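Protein chains in written order, with the working numbering: chain E, 1 to 113; chain G, 1001 to 1115.
Beta carbons: idealized from backbone N, C-alpha and C, even for Gly.
As the structure is a computational prediction, the values presented were derived from the model and not from experiment.
See below for the structure under consideration.
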Amino acid sequence: GDSVTQMEGPVTLSEEACLTINCTYTATGYPSLFWYVQYPGEGLQLLLKATKADDKGSNKGFEATYRKETTSFHLEKGSVQVSDSAVYFCALSLGSSASKIIFGSGTRLSIRP
Amino acid sequence: KAGVTQTPRYLIKTRGQQVTLSCSPISGHRSVSWYQQTPGQGLQFLFEYFSETQRNKGNFPGRFSGRQFSNSRSEMNVSTLELGDSALYLCASSPPATGANEKLFFGSGTQLSVL
């Protein structure tokens, strides 16, 4: 079945370090891909998205490229900040219904000053 | 523009009780969906409503139910609570025409603890 697999956390980095959170997916169709972020005590917020192969989504210094050949959508940032500490969810969508969205299990990121 | 509002923020109940959670979507959004978030299972889809009609339901027992009102506000109800129902319940709304495939807007959730 359709699924999203992302690297397990927690991930702890020092401020200004480089970040990569791996995400791979399995889907029967051509999904849209998303990264959502959940800050402490809050709901999820869309961080970035890509709707077709080779698209690059970017926001707040984060980037992810839709790689159809490797079925991956890894999240990257060149220099993380303490304020980036949160849980990051990779997700895919196979339609406009919320029931068609599949979320990964989430990766907790902690940044040390 | 106000975001998605969920009430209450925290709830403590005991086994066997029932609970009702409320969600007010962003003004103009007619689609509301509910998710259960637990450390072990991540986000699990519960229901989706559009214009007062349930469009989809996730794989949850009949103790979980919901409804949507004409003003798009939604409620979900859990009857005969079990310890395993302890979770963060998230509500999300999505814009008309584009749907969830474009973007979901989440509330801060209701943290339910069942003792």
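- GLN1018/G and ARG1063/G have their C-alpha atoms roughly 9 Å apart.
- Annotation: the continuous beta strand (DSSP E) that includes ALA1087/G extends over 1087-1094.
- Across the segment 71-104 of chain E, CB contacts with chain G closer than 9 Å involve PHE89, ALA91, SER93, LEU94, GLY95, SER96, SER97, ALA98, SER99, LYS100, ILE101, ILE102, PHE103, GLY104, in sequence order along the chain.
- For PHE1045/G, the residues of chain E that pass the 7 Å Cβ criterion are ALA98, SER99, in the order they occur in the chain.
- When DSSP states are grouped into helix, strand and coil, LEU46/E belongs to the strand group.
- For the segment 36-56 of chain E, residues whose beta-carbon sits nearer than 9 Å to a beta-carbon of chain G comprise TYR36, GLN38, GLY41, GLU42, GLY43, LEU44, GLN45, LEU46, LYS49, THR51.
- Leaving aside the five residues that flank TYR36/E on each side, the residues in its chain whose CB is nearer than 7 Å to its CB run, in chain order, LEU44, GLN45, LEU46, LEU47, PHE89, ALA91.
- Using a Cβ-Cβ cut-off of 7 Å, GLY106/E is close to GLY1042 of chain G, given in chain order.
- By the neighbour-count definition (other C-beta atoms within 10 Å, threshold 16), SER1108/G is a buried residue.
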